[in-house]
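A.B. asks: In the working numbering, the protein residues as written are 1300 to 1432.
By construction, the Cβ of each residue, glycine as well, lies at the ideal position given by its N, Cα and C atoms.
All figures in this text were calculated on a predicted structure; none of them were measured in a lab.
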């Protein structure tokens, strides 16, 4: 439980582990999480196997906060393909103040449950999370 009193639904951990291990019915590329309608539980909003980063960004709503984990692939200098799991804390400027506050105070509950995250990215608009090659 976080200071906001929310819990993390087991489906969040299942989806995250499928993303992290690559095991499961689908090879997930990212998972988006949200609070349920009563702000008492963190649930899976959208798991996706779409590798298009622009589609990932399009799936983040412009008027509501979300959290997400994205399996970022890159080529290491000198060769070699690598992957890092990135945690996104998405809180767009257009979101309601109450939503922003509850999401902010609830983030740690989810973040602590997801073991193996390499980096955390906070964004309020597309420029904050834009991918630069």
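To the nearest angstrom, how far is the alpha carbon of residue 1347 from that of residue 1387?
C.D. replies: 15 Å
A.B. asks: Is residue 1330 closer than 8 Å to residue 1352 when the C-beta atoms are compared?
C.D. replies: no
A.B. asks: Quick check: residue 1370 and residue 1328, are their CB atoms within less than 8 Å of each other?
C.D. replies: Yes. Within cutoff.
A.B. asks: Just reading off the alpha helix (DSSP H) that residue 1401 is part of, what are its end residues?
C.D. replies: 1396–1412
A.B. asks: Across the stretch 1378–1396 and the stretch 1357–1367, are there enough close Cβ pairs to call them in contact, namely three or more that are closer than 8 Å?
C.D. replies: yes
A.B. asks: Measure the beta-carbon distance from residue 1389 to residue 1415 and round it to whole angstroms, keeping in mind my assumption that it falls under 8 Å.
C.D. replies: About 20 Å; that fails the 8 Å criterion.
A.B. asks: If we count the other Cβ atoms within 10 Å of its Cβ and call it buried at 16 or more, is residue 1344 buried or exposed?
C.D. replies: buried
A.B. asks: In the DSSP assignment, find the alpha helix (DSSP H) that holds residue 1357 and state where it starts and stops.
C.D. replies: 1352–1357
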